[in-house]
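S.K.: The sequence shown begins at 82 in the working numbering and counts up one residue at a time. We treat Cβ as the ideally placed atom computed from N, Cα and C, and that holds for glycine. Please read these numbers as outputs of a predicted model, since none were measured by experiment. Quick one: structure below, then a few questions.
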Amino acid sequence: MSAAVELASRNIPVSVFEAANTLGGRARRVETNGIALDNGLHILVGAYGETLRIIRTVSGPDESAHLLRLPLQLRVEPDFRMRAPRLPRPLHVAAALAFARGLDFPAKLAAVRFMQTMKARDFHCDAGLTVTRLLTQQCQTDKLVDVLWNPLCIAALNTPPDKADAQTFLNVLRDSLAGPRDASDLLLPRTDFSALFPEPAAEYVRRRGGEVQTGQTVTALRVLDGGFELTTSSARRYSHVILAVGPHRLARLVEDIPQLEPQVGLVNQFEYQPIYSVFLQYPRHVALPEAMIGMRDSVVQWVFDRGRLCNQPGMLGVVISASGSHQKLGREELAQRVHEELAQNFSLPRPDWHQVIAEKRATFSAVPGLLRPSNLTAVPGLLLAGDYTAGPYPATLEAAVRSGLTCARNIVSDRD
Ligand SMILES: Cc1cc2nc3c(=O)[nH]c(=O)nc-3n(C[C@H](O)[C@H](O)[C@H](O)COP(=O)(O)OP(=O)(O)OC[C@H]3O[C@@H](n4cnc5c(N)ncnc54)[C@H](O)[C@@H]3O)c2cc1C
82 MSAAVELASR NIPVSVFEAA NTLGGRARRV ETNGIALDNG LHILVGAYGE TLRIIRTVSG
142 PDESAHLLRL PLQLRVEPDF RMRAPRLPRP LHVAAALAFA RGLDFPAKLA AVRFMQTMKA
202 RDFHCDAGLT VTRLLTQQCQ TDKLVDVLWN PLCIAALNTP PDKADAQTFL NVLRDSLAGP
262 RDASDLLLPR TDFSALFPEP AAEYVRRRGG EVQTGQTVTA LRVLDGGFEL TTSSARRYSH
322 VILAVGPHRL ARLVEDIPQL EPQVGLVNQF EYQPIYSVFL QYPRHVALPE AMIGMRDSVV
382 QWVFDRGRLC NQPGMLGVVI SASGSHQKLG REELAQRVHE ELAQNFSLPR PDWHQVIAEK
442 RATFSAVPGL LRPSNLTAVP GLLLAGDYTA GPYPATLEAA VRSGLTCARN IVSDRD
């Protein structure tokens with residue numbers, strides 16, 4: 082959708098075909114019991130410059146209607162609290178660490194030193210390092226790793242720290258914690274994800290003469306002389322095609338295009354990580370002390386109060402990223418376990434109902450040495466977009482948006 086918006090903004094006619102009935106892909110609305118939930122709870126950070134810009138393009142300059150912007154603040158139960166004051170960088174992060182509750186002085190010093198050392202190294206580390214190895218090399222204390230670095234790694238890379246690529250983690254730290262002050266802001270959605278971007282984006286594209294069709298699976302793609310034939314319910318010709326399907330859908334779509342074998346070869350090497358979302362509807366009076374709270378030593382990683390965020394009183398949404406022991410539990414058992422863990426920290430009655438959504442292939446594993454395909458292919462005019470294409474970021478909204486924009490800009494310069 083970001084590629085389509087970029088092309089439409091330059092008055093280039095564009096057609097979008099989406100197989101599902103709801104726009105948004107891995108960040109989309111899922112209706113349950115008449116309530117608009119998401120397939121997965123998502124957060125954005127201030128460093129998502131292109132994502133935030135394109136949301137403004139389609140929805141207007143006032144982000145506050147769709148996103149709650151909070152200066153960096155982390156509360157991880159039972160005892161960790163960190164909040165960045167409104168100071169210029171890098172003082173805001175240094176002060177947040179220095180005044181954090183739940184860390185002793187050596188841990189705070191280690192954290193500040195780590196950030197300084199990484200900055201001095203321009204946020205580069207040896208190839209092949211995992212996050213755990215990097216943190217050990219940098220003498221980060223167990224508690225610091227438990228309450229801060231590991232939760233950040235799992236949230237950002239959706240990969241267990243002992244498998245996750247340290248360089249990708251550093252790229253995220255460089256642009257968020259070590260970026261301009263507002264780059265470390267947290268942006269929590271006040272609406273479902275289809276309404277946040279893809280639906281207003283579709284309106285934007287249509288207003289500029291483009292088309293966006295849902296429930297239209299692309300079943301075949303043929304390379305013609307000077308263009309492409311793309312088949313959905315009928316076959317049509319196009320001068321350029323951006324394939325913006327998830328990585329595991331790519332091989333099937335391009336099986337008749339041998340020039341794309343290198344890209345398919347890279348994607349076939351990917352391993353995937355799950356993300357589970359558990360929504361629990363409690364009575365309307367139930368609320369958390371904050372909109373987003375972390376938990377450690379538990380299956381629950383983060384819990385969001387959708388009453389505060391999305392005007393859904395009593396609705397708590399729990400995120401469990403990356404692989405782990407929770408995958409052994411059935412859905413009922415998992416929901417029960419999540420409720421019990423929440424009830425240990427907050428005063429909660431039994432939920433009225435729950436919904437467990439397991440995205441088994443939420444993202445690729447961001448492991449060291451992973452090679453990702455570039456946007457351009459050996460077929461002129463055929464491009465690949467998505468969070469999995471080559472770039473500094475792990476599989477995130479920002480990676481997907483940047484990838485789409487790169488494709489669109491390539492097409493624009495191709496036409497000039
Ligand atoms: C549960 C969950 C939680 C997440 N949390 C976060 C977060 O907090 N922050 C963050 O930044 N990122 C998060 N992510 C990652 C983020 O959602 C993805 O990186 C991003 O949505 C990927 O977008 P994409 O356009 O690359 O791919 P997708 O969203 O997968 O889009 C691909 C689209 O192609 C469509 N499609 C596939 N085949 C065809 C076909 N043949 N014809 C037509 N259409 C087809 C699919 O239906 C889909 O809509 C999360 C992901 C999940 C699953």
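Sort Val-322, Ala-236, Leu-457, Phe-250 by Cα distance to Leu-267 and report the nearest one.
M.R.: Here the closest residue by C-alpha is Ala-236.
S.K.: Locate the beta strand (DSSP E) running through Glu-99, then write down its first and last residues.
M.R.: Start and end: 96-99.
S.K.: Can you tell me whether Trp-281 is buried or exposed, with buried defined as 16 or more other CB within 10 angstroms of its CB?
M.R.: The displayed chain sequence assigns Pro, not Trp, to residue 281. That one is buried.
S.K.: When you compare only the Cα positions, how much space is there between Leu-305 and Leu-324?
M.R.: About 16 Å.
S.K.: Grouping DSSP H, G and I as helix and E and B as strand, with all else coil, what is Val-253?
M.R.: Val-253 falls in the helix class under three-state DSSP.
S.K.: In terms of DSSP beta bridges, what is Trp-434 paired with?
M.R.: Paired residue(s): Gln-362.
S.K.: So what does Leu-104 bridge to, in DSSP terms?
M.R.: None; Leu-104 has no bridge partner.
S.K.: Is Asp-123 near ligand 1, going by C-beta to nearest heavy atom under 8 Å?
M.R.: Inspection of the sequence shows that residue 123 is occupied by His rather than by Asp. Checking every heavy atom of ligand 1 against the Cβ of His-123, one is found closer than 8 Å.
S.K.: Measuring CA to CA, which of Leu-465, Ser-455, Ala-459, Pro-279 is closest to Gly-472?
M.R.: Nearest of Leu-465, Ser-455, Ala-459, Pro-279 to Gly-472, Cα basis: Ser-455.
S.K.: Can you tell me which of Thr-213, Val-157, Gln-221, Ala-247 puts its alpha carbon nearest to the alpha carbon of Val-228?
M.R.: The shortest Cα separation from Val-228 among Thr-213, Val-157, Gln-221, Ala-247 belongs to Val-157.
S.K.: With a threshold of 6 Å on Cβ separation, who are the neighbours of Ser-257 within its own chain once the five nearest residues in sequence on each side are excluded?
M.R.: Same-chain partners within the cutoff: Val-126, Ala-128, Ala-264, Ser-265.
S.K.: Below 8 Å on the Cβ atoms is my contact criterion, and I expect Phe-385 with Met-373 to pass it. Report the Cβ-Cβ distance as a whole number of Å.
M.R.: Rounded, the Cβ-Cβ distance is 5 Å, consistent with contact.
S.K.: Leaving aside the five residues before and after His-407 along the sequence, list all residues of the same chain whose C-beta is less than 8 Å from its C-beta, in chain order.
M.R.: Contacts found: Tyr-357, Val-380, Ile-401, Leu-415, Arg-418.
S.K.: Hey, out of Ala-403, Gly-467, Val-286, whose CA is closest to Ile-511's CA?
M.R.: With the chain represented from 82 up to 497, any question about residue 511 goes unanswered, as that position is not in the structure.
S.K.: Provide the residue(s) that pair with Pro-394 in DSSP beta bridges, ordered along the chain.
M.R.: Paired residue(s): none; Pro-394 is not in a bridge.
S.K.: For Phe-186 and Phe-180, I'd like the C-alpha separation in whole angstroms.
M.R.: Looking at the two C-alpha atoms, the distance is approximately 10 Å.
S.K.: Can you list, in chain order, the residues of its chain whose CB lies under 8 Å from that of His-366, leaving out five sequence neighbours each side?
M.R.: If we look at His-366 and ignore the five residues flanking it on each side, its Cβ neighbours are Pro-394, Gly-395.
S.K.: Are Gln-248 and Pro-449 close, meaning C-beta to C-beta below 9 Å?
M.R.: Result yes, Cβ atoms of Gln-248 and Pro-449 sit closer than 9 Å.
S.K.: Given a threshold of 16 other Cβ atoms within 10 Å of its Cβ, counted over all protein chains shown, does Cys-206 qualify as buried or as exposed?
M.R.: So Cys-206 counts as buried.
S.K.: Could you check the C-alpha separation between Ala-117 and Val-345 for me, to the nearest Å?
M.R.: Between Ala-117 and Val-345, the C-alpha separation is close to 35 Å.
S.K.: Helix or strand or just coil, what does DSSP make of Pro-449?
M.R.: In the structure shown, Pro-449 sits in coil (DSSP, three-state: anything other than H, G, I, E or B).
S.K.: Is Asn-252 near ligand 1, with its Cβ less than 8 Å from a heavy atom?
M.R.: Not so, every heavy atom of ligand 1 lies at least 8 Å from the Cβ.
S.K.: How about Leu-478: is its Cβ closer than 8 Å to a heavy atom in ligand 1?
M.R.: For ligand 1, at least one heavy atom lies less than 8 Å from the Cβ of Leu-478.
S.K.: Any idea which residues DSSP pairs Pro-270 with across the strands?
M.R.: For Pro-270, which the question treats as bridged, DSSP gives the partners Leu-148.
S.K.: Using a threshold of 8 Å, is the CB atom of Leu-104 nearer than that to any non-hydrogen atom of ligand 1?
M.R.: Within the cutoff, so yes.
S.K.: Is it buried or exposed for Asn-252, if we count other Cβ within 10 angstroms and need 16 for buried?
M.R.: Under this definition Asn-252 is a buried residue.
S.K.: What's the gap between the Cα of Glu-310 and the Cα of Gln-382?
M.R.: Distance between the alpha carbons of Glu-310 and Gln-382 is about 46 Å.
S.K.: Mind checking whether the beta-carbon of Asp-266 lies closer than 8 Å to any heavy atom of ligand 1?
M.R.: No, the beta carbon of Asp-266 sits no closer than 8 Å to any heavy atom of ligand 1.
S.K.: Which whole runs of the alpha helix (DSSP H) in the segment 322-366 are 4 residues long or more, in chain order?
M.R.: 331-334, 342-349, all fully within the segment 322-366.
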